[in-house]
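Have a look at the structure below, then the notes.
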Amino acid sequence: MHWFDAWIDPNDTTSTPIYASVDQVEVDFWMRSLEGDTLLARSQLSLSGIRVAASELSVSGDLNVAVPGTGEVAAKFEVRPEESNVVLKYQRWQLATRYTPSNIELKLKDDSINSLNLSILNKEESWVLEPTRVAWDGVEGSVAALWGPSKHWLELEWSGINARIQERHGTWSLAVRADSTNADEDASWAAHGSLKGSYSDGNWALNGRTLRVRFGDARWNVGP
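Heads up: the sequence shown begins at 0 in numbering that gives the first Met the number 0, then just goes up one per residue.
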């Protein structure tokens, strides 16, 4: 602990903020069920490099939580005012995030060749994901999004399908367009047509044409 750094040198009359640091803290604990009466698994929280000052907070550390029957969730994080990084690992997957006041980077990958890289920019008080090509397990498409003060939307496009969901002033809307002629040749499903829907104040509404969906030998018609 360094609570008295400001008074180490008696000849130093400059104003120094109070400063404290902890090198490492480790806590072992047992997870319990939601009911609280059953011990599930032993876990550990490890924090290192904790520094607190009048004008700055910096924390880094590791968190390992055992999930019974499925494995362990591991997190490594470093939080600073100018930049924060968090890495989550679970079974085959790893999610790495990097945050700064101007952008957010997301990187998702598994233990094969699959990976997704998304860069979200801060523009005019809104977080914007520009149209980005993505691929996973051989399926390719694109994704774009916006999260602003009064409007949020997400748009996905893959295998001949374009879907856009939007929220504005408490009203949600969904628009789907599908062209089965542009679907992947080896896909086990296909869709054709268009559909629009909205949700507001507990009320659903569907309009537009009929969306026809096929999955294997099953077929559905969705529409108003």
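We put the CB at the ideal spot given by N, CA and C, even for glycine. Since the structure is predicted, the reported quantities are computational estimates derived from the model, not experimental observations.
Between the C-alpha atoms of residue i and residue j, what's the straight-line distance to the nearest angstrom?
| i | j | result |
| --- | --- | --- |
| D4 | N84 | Note that D4 has pLDDT 49, beneath the 50 cutoff, so the model's placement of it is unreliable and the number below is only indicative. Taking the straight line from one Cα to the other gives about 29 Å. |
| Q165 | K150 | 7 Å |
| V146 | E123 | The sequence shown places Trp at residue 146, rather than the Val named in the question. One C-alpha to the other measures close to 11 Å. |
| A190 | L155 | 15 Å |
| R97 | E81 | 11 Å |
| E71 | S42 | 9 Å |
| S199 | R167 | 10 Å |
| H1 | G201 | Because H1 sits at a pLDDT of 43, beneath the cut-off of 50, its placement in the model cannot be relied upon, and the point is left open. |
| I160 | T69 | 34 Å |
| A74 | L87 | 5 Å |
| S118 | D216 | 39 Å |
| W6 | L44 | Legend: pLDDT at W6 = 47, less than 50; position of this residue unreliable, value from coordinates given subsequently. Roughly 34 Å separates the two Cα atoms. |
| G222 | S172 | 15 Å |
| N63 | T170 | 40 Å |
| I103 | W126 | 9 Å |
| V21 | D61 | 15 Å |
| P130 | V26 | 43 Å |
| A65 | Q93 | 16 Å |
With a CB to CB cut of under 6 Å and the five nearest residues on each side skipped, what residues in its chain are close to residue i?
| i | result |
| --- | --- |
| A144 | L128 and L153 |
| V24 | L46 |
| V212 | A190 and W219 |
| E77 | S59 and N84 |
| K310 | Not covered by the structure: residue 310. The range shown for the chain is 0 to 223. |
| Y89 | V72 |
| R163 | E154 and A174 |
Given residue i, which residues of its chain have a CB within under 8 Å of its CB, disregarding the five upstream and five downstream residues?
| i | result |
| --- | --- |
| S101 | L120 and N121 |
| R132 | E139, G140 and S141 |
| F214 | S187 and W188 |
For residue i, write down the residues that DSSP places opposite it in a beta bridge.
| i | result |
| --- | --- |
| N206 | K195 |
| H151 | W146 and E166 |
| S101 | Its beta-bridge partners do not exist; DSSP assigns none. |
| I119 | I103 and L128 |
| R41 | W29 |
| S47 | Q23 and S59 |
| S179 | Paired residues: none, contrary to the question. |
| E82 | Its beta-bridge partners do not exist; DSSP assigns none. |
For residue i, which of helix, strand or coil comes out of DSSP?
| i | result |
| --- | --- |
| T96 | strand |
| S59 | strand |
| S172 | strand |
| S141 | strand |
| S158 | coil |
| S111 | coil |
| S187 | coil |
Sorted by chain position, which residues of the same chain lie with C-beta nearer than 7 Å to residue i's C-beta, five sequence neighbours on each side aside?
| i | result |
| --- | --- |
| S179 | G159, A189, A190 and H191 |
| D136 | N113 |
| R91 | D109 and D110 |
| A204 | G196 and S197 |
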